[in-house]
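*Asks:* Below are the structure tokens for one structure; questions will follow.
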Amino acid sequence: MVKALKRYLNTFLLFELLKGLAVTGRHLFARKFTVQYPEERTPISPRFRGLHALRRYPNGEERCIACKLCEAVCPAAAITIESAMRADGTRRTTRYDIDLFKCIYCGFCEESCPVDSIVETNIFEFHFESRGEHVIHKEQLLAIGDKYEKQLAADRATDAKYR
Amino acid sequence: MIKFLLGVWNWFPGWSQIALIDLGKIVLILVPLLLSVAYLTYAERKIIGYMQVRLGPNRVGPKGWLQPIADAFKLLFKEIIVPTKASRFLFVFAPILAFAPALAAWAVIPFTDKLWLANIDAGLLYILALTSMGVYGVIIAGWASNSKYAFLGSLRSAAQIVAYEIAMGFALVGVLMAAGSLNLREIVLHQQGGVHQWYIWPLFPLFLVYLISGVAETNRAPFDVAEGESEIVAGFHVEYSGMAFAIFFLAEYANMILIAALCSVMFLGGWLSPFEMLPAKLLAVPVIGTVLGNGIHWLLLKISAVLFCFLWFRATFPRYRYDQIMRLGWKVFIPVTLVWIGVMGGAMFLTPWGFIFH
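From first to last, the protein sequence lines stand for chains A and B.
Under this note's numbering, the first residue of the first sequence is numbered 208, with each subsequent residue one higher.
Under this note's numbering, the first residue of the second sequence is numbered 456, with each subsequent residue one higher.
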């Protein structure tokens, strides 16, 4: 009886609704979490998997030996490699294409690479302006690698002790 | 110059002078009203954003102040698509029917002791008649769209309005009994004497019923089953686009402001200051006296406070299920209002405590 009466009283005084309003009312004055993206950025992990790059050795020689492990492991079949013998007798790629529309940014190519050649940078803001640009070629990949080599080396060094 | 203007003015015949003055007053009411409708949408997005611990629109113009203008421009330039086999005339007519009553009802709202468009004795009846007109816009929109979702939305809205209109009417009967007048200005003047004289105290249950039915009447969350974007896409306005959609949008917000204004006039003392009981000497001080004294600023403040509650409810409560809405309307609100009207009537005519309700 008392319980039922209490329930009625609570219902008619809108007790629970007021509790709900108090919660949202408190949050009105809470500190806001929004990150104002182009001006502010969230920190990026050294393990971030973004746009791809091909790295070189410090002496300028490209690392990739055209073993095609990345092509084989790629779950989205985004990588296409053709290889040939270079004048000095080493095996090198003649074609290294990544279809960025197919790519799912899983990082398996990077994991599989025996010479740490193909890597994923922390660049996530890239776009294409005409049809066909989504397939990036060897020269572009190497250029990205050259441009961001410092960052790439630093990220790999930070992560090395956990691998 | 002034003489010349006066001469031009006097050149108009008397009847057209009255018409022109009224036209000017209408413009004076509607332009700020439409502007506040636009900025109410901005306030809503901002306040709900803050309650959800985010910032809300802040990119268009300084602090996002131009956002409503940008939205309006976007909608202006979009195509109005009329679905095949839709009833063309009604399809275009429905938004107008939803919007016009929300504006027309402002005719009888008293802004201050001397400022109003029409001071008619049946003001309350006029308000009731016009606020119930608004739902025809929703029903016709749903029917004319030739879409199942829209039709479901309009049916829900019709049932909801029927249920809540009655409770709302009874809540207003309480005000009518307390004030003894249907004239909105008289109703406000009966609440003179400071915050403790406002009708919100003796008529508190009716105030709550009126506020909640007002939320239901304007199809706002948590009573927005007519739209119910997660159930029936967007309800009655699924098929609307461009300016036709924008007018529904404006109608909803204009209705919100109207309900808030009526709430302020009937329960919160309209333009009356809550500090009327202060000594007359203090109220005669130049600036403080104007701020603390009666005036339109108190009405605007009260309207804003009620509107804030509307937005607060939307940020807080999940949508009612359809049957819960019906239960709340028929089995809770109507009995509560009837009982309180009975209590009031009994107190006023059978006991000496009738002064509580005056």
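Ideal Cβ positions, reconstructed from N, Cα and C, are used throughout, including at glycine.
Note that the structure is predicted; figures quoted are calculated from it, not measured.
Expressed to the nearest angstrom, what Euclidean distance is found between the alpha-carbon atoms of B/MET588 and B/TYR708?
*Replies:* Residue mapping note: residue 588 of chain B aligns to position 133 of the second sequence, counting from 1. Residue mapping note: residue 708 of chain B aligns to position 253 of the second sequence, counting from 1. If I take the Cα positions, the gap works out to 16 Å.
*Asks:* What is the DSSP secondary structure of A/ALA260, counted as helix, strand or coil?
*Replies:* For this step, residue 260 of chain A is matched to residue 53 along the first sequence. Strand.
*Asks:* Please tell me whether B/THR792 has its Cβ less than 9 Å away from any Cβ of chain A.
*Replies:* Taking the first residue of the second sequence as 1, we reach residue 792 of chain B at position 337. For B/THR792, the answer is no, since every Cβ of chain A falls outside 9 Å of its Cβ.
*Asks:* Can you tell me which of the three DSSP states B/ILE575 falls into?
*Replies:* Here residue 575 of chain B is taken as the residue at index 120 of the second sequence, counted from 1. Of the three classes helix, strand and coil, the one that applies to B/ILE575 here is coil, per DSSP.
*Asks:* Taking only the alpha-carbon atoms, compute the straight-line gap between B/ALA573 and B/ALA493 and give it to the nearest angstrom.
*Replies:* Translated into positions along the second sequence, residue 573 of chain B becomes position 118. Translated into positions along the second sequence, residue 493 of chain B becomes position 38. Whole-angstrom Cα-Cα distance: 25 Å.
*Asks:* Which word fits B/GLY648, buried or exposed, when buried means at least 16 other C-beta atoms lie within 10 angstroms of its C-beta?
*Replies:* Your numbering for residue 648 of chain B matches position 193 in the second sequence. With fewer than 16 other Cβ atoms within 10 Å, it is exposed.
*Asks:* Does the region 234-244 of chain A come close enough to the region 271-291 of chain A to have 3 or more Cβ pairs within less than 8 Å?
*Replies:* At 8 Å Cβ cutoff, the stretches do not touch.
*Asks:* Kindly indicate which three-state DSSP category A/TYR303 falls into: helix, strand or coil?
*Replies:* Your numbering for residue 303 of chain A matches position 96 in the first sequence. Three-state DSSP puts A/TYR303 in a strand.
*Asks:* Taking the Cβ atom as the reference point for each residue, do A/LYS345 and A/TYR303 lie within a distance shorter than 9 Å?
*Replies:* Position 138 of the first sequence, counting from 1, holds the residue named residue 345 of chain A. Position 96 of the first sequence, counting from 1, holds the residue named residue 303 of chain A. Their beta carbons are under 9 Å apart, which means A/LYS345 touches A/TYR303 by this criterion.
*Asks:* Just the chain B side, please: which residues come within less than 7 Å of A/ALA364 by C-beta, in chain order?
*Replies:* Along the first sequence, one-based indexing puts residue 364 of chain A at 157. Result: empty, since nearest Cβ-Cβ is about 37 Å, beyond 7 Å.
*Asks:* From B/GLY608 to B/ARG776, what does the alpha carbon distance come to, in whole angstroms?
*Replies:* For the purposes of this step, residue 608 of chain B is taken as residue 153 along the second sequence, with counting starting at 1. For the purposes of this step, residue 776 of chain B is taken as residue 321 along the second sequence, with counting starting at 1. Their backbone Cα atoms lie some 13 Å apart in a straight line.
*Asks:* Does the separation of the CB atoms of A/LEU349 and A/ALA291 fall below 9 Å?
*Replies:* Counting from one through the first sequence, the residue named residue 349 of chain A turns up at place 142. Counting from one through the first sequence, the residue named residue 291 of chain A turns up at place 84. Their beta carbons are not under 9 Å apart, which means A/LEU349 does not touch A/ALA291 by this criterion.
*Asks:* Quick check on DSSP: helix, strand or coil for B/ALA701?
*Replies:* Taking the first residue of the second sequence as position 1, residue 701 of chain B is located at position 246. The answer is helix: DSSP assigns B/ALA701 an H, G or I state.
*Asks:* Inspect the beta-carbon positions of B/LEU579 and B/VAL630 and report whether they are closer than 9 Å.
*Replies:* Within the second sequence, the letter at position 124 stands for residue 579 of chain B. Within the second sequence, the letter at position 175 stands for residue 630 of chain B. Yes. Within cutoff.
*Asks:* Please say whether B/ARG782 and B/VAL680 have beta carbons closer to each other than 9 Å?
*Replies:* Numbered from its first residue, the second sequence carries residue 680 of chain B at position 225. Numbered from its first residue, the second sequence carries residue 782 of chain B at position 327. In this structure, B/ARG782 does not lie closer than 9 Å to B/VAL680 by Cβ.
*Asks:* Give me the DSSP bridge partner(s) of B/ARG640.
*Replies:* Reading the second sequence from its first residue, position 185 is the one you call residue 640 of chain B. In DSSP, B/ARG640 forms no bridge with anything.
*Asks:* Assuming A/CYS271 contacts A/SER324 (C-beta within less than 8 Å), just tell me the rounded distance between them.
*Replies:* Position 64 of the first sequence, counted from the start, is the residue given in the question as residue 271 of chain A. Position 117 of the first sequence, counted from the start, is the residue given in the question as residue 324 of chain A. Correct: roughly 4 Å between the Cβ atoms.
*Asks:* Going by C-alpha distance, which of B/ALA553, B/ILE687, B/ASN710, B/ALA577 is nearest B/LEU666?
*Replies:* Start at 1 with the first residue of the second sequence, and residue 666 of chain B comes out as number 211. Of the candidates B/ALA553, B/ILE687, B/ASN710, B/ALA577, the one whose C-alpha sits nearest the C-alpha of B/LEU666 is B/ASN710.
*Asks:* Can you list, in chain order, the residues of its chain whose CB lies under 7 Å from that of B/PHE566, leaving out five sequence neighbours each side?
*Replies:* On the second sequence, residue 566 of chain B is found 111 positions in, with the first residue counted as 1. Same-chain partners within the cutoff: TRP726, ILE751, LEU754.
*Asks:* Rounding to the nearest angstrom, what Cα-Cα distance links A/ILE343 and A/ILE330 in this structure?
*Replies:* Position 136 of the first sequence, counting from 1, holds the residue named residue 343 of chain A. Position 123 of the first sequence, counting from 1, holds the residue named residue 330 of chain A. Taking the straight line from one Cα to the other gives about 15 Å.
*Asks:* Alpha carbon to alpha carbon, what distance is there between B/ALA706 and B/LEU510?
*Replies:* To locate residue 510 of chain B, count along the second sequence from 1; it is residue 55. To locate residue 706 of chain B, count along the second sequence from 1; it is residue 251. Answer to the nearest angstrom: the Cα atoms are 26 Å apart.
*Asks:* If you measure beta-carbon to beta-carbon, which residues of the region 236-249 of chain A are closer than 7 Å to chain B?
*Replies:* Under the 7 Å Cβ criterion, the region 236-249 of chain A contributes ALA237, LYS239, PHE240, THR241.
*Asks:* Taking only the alpha-carbon atoms, compute the straight-line gap between B/SER696 and B/TRP561 and give it to the nearest angstrom.
*Replies:* Sequence index remark: in the second sequence, residue 696 of chain B carries index 241 (1-based). Sequence index remark: in the second sequence, residue 561 of chain B carries index 106 (1-based). Those two C-alpha atoms are separated by around 27 Å.
*Asks:* What alpha helix (DSSP H) runs, 4 residues minimum, are completely inside the region 553-625 of chain B?
*Replies:* List check, alpha helix (DSSP H) in window: 578-599.
*Asks:* Could you tell me which chain A residues have their CB closer than 9 Å to the CB of B/TYR505, listed as they occur along the chain?
*Replies:* The residue given as residue 505 of chain B occupies position 50 in the second sequence. Residues of chain A passing the Cβ test: HIS234, LEU235, PHE236, ALA237, LYS239.
*Asks:* Verify the CB distance criterion: does A/LEU228 have a CB-CB separation below 9 Å to chain B?
*Replies:* Translated into positions along the first sequence, residue 228 of chain A becomes position 21. Closer than 9 Å to some Cβ of chain B, the Cβ of A/LEU228 qualifies, so yes.
*Asks:* Give the residues from the region 548-570 of chain B that approach chain A closer than 7 Å (Cβ to any Cβ), ordered along the chain.
*Replies:* Residues: none.
*Asks:* B/HIS692: buried (16+ other C-beta within 10 angstroms of its C-beta) or exposed?
*Replies:* The residue you call residue 692 of chain B lines up with position 237 of the second sequence. Its Cβ being crowded by 16 or more others within 10 Å, B/HIS692 is buried.
*Asks:* Determine the direct distance from the alpha carbon of A/LEU216 to that of A/LYS210, and round the result to whole angstroms.
*Replies:* For the purposes of this step, residue 210 of chain A is identified with residue 3 of the first sequence, where counting begins at 1. For the purposes of this step, residue 216 of chain A is identified with residue 9 of the first sequence, where counting begins at 1. For A/LYS210 and A/LEU216, the distance between alpha carbons rounds to 10 Å.
*Asks:* Look at the alpha carbon of B/VAL643 and the alpha carbon of B/VAL720, and state the distance between them as a whole number of angstroms.
*Replies:* As a first step, residue 643 of chain B is located in the second sequence; it is residue number 188 there, counting from the start. As a first step, residue 720 of chain B is located in the second sequence; it is residue number 265 there, counting from the start. Approximately 6 Å, taken between the alpha carbons.
*Asks:* Can you look up A/ARG254 in the DSSP assignment and give me helix, strand or coil?
*Replies:* The residue you call residue 254 of chain A lines up with position 47 of the first sequence. If DSSP states are grouped into helix, strand and coil, A/ARG254 belongs with coil.
*Asks:* Please classify B/SER668: does DSSP put it in a helix, a strand, or coil?
*Replies:* Within the second sequence, the letter at position 213 stands for residue 668 of chain B. Looking at B/SER668 - three-state DSSP - the assignment turns out to be helix.
*Asks:* Can you tell me the Cα-Cα spacing of A/ILE310 and A/THR328, whole angstroms?
*Replies:* Within the first sequence, numbered from 1, the residue matching residue 310 of chain A stands at position 103. Within the first sequence, numbered from 1, the residue matching residue 328 of chain A stands at position 121. One detail in the question is off: residue 310 of chain A reads as Cys in this sequence, not Ile. Straight-line Cα distance between these residues: approximately 14 Å.
*Asks:* Could you tell me whether the region 534-541 of chain B touches the region 587-603 of chain B, using the rule of 3 or more Cβ pairs below 8 Å?
*Replies:* Because the criterion of three Cβ pairs below 8 Å is met, the region 534-541 of chain B and the region 587-603 of chain B touch.
*Asks:* Could you name the residues of the same chain whose beta carbon sits closer than 7 Å to that of B/VAL515, not counting the 5 residues immediately before and after it, in chain order?
*Replies:* Taking the first residue of the second sequence as 1, we reach residue 515 of chain B at position 60. These residues qualify, in order along the chain: LEU521, GLN522, ALA525.
*Asks:* What is the rounded straight-line gap between the Cα of B/GLY624 and the Cα of B/LEU583?
*Replies:* Position 169 of the second sequence, counted from the start, is the residue given in the question as residue 624 of chain B. Position 128 of the second sequence, counted from the start, is the residue given in the question as residue 583 of chain B. Approximately 7 Å between the Cα atoms of the pair.
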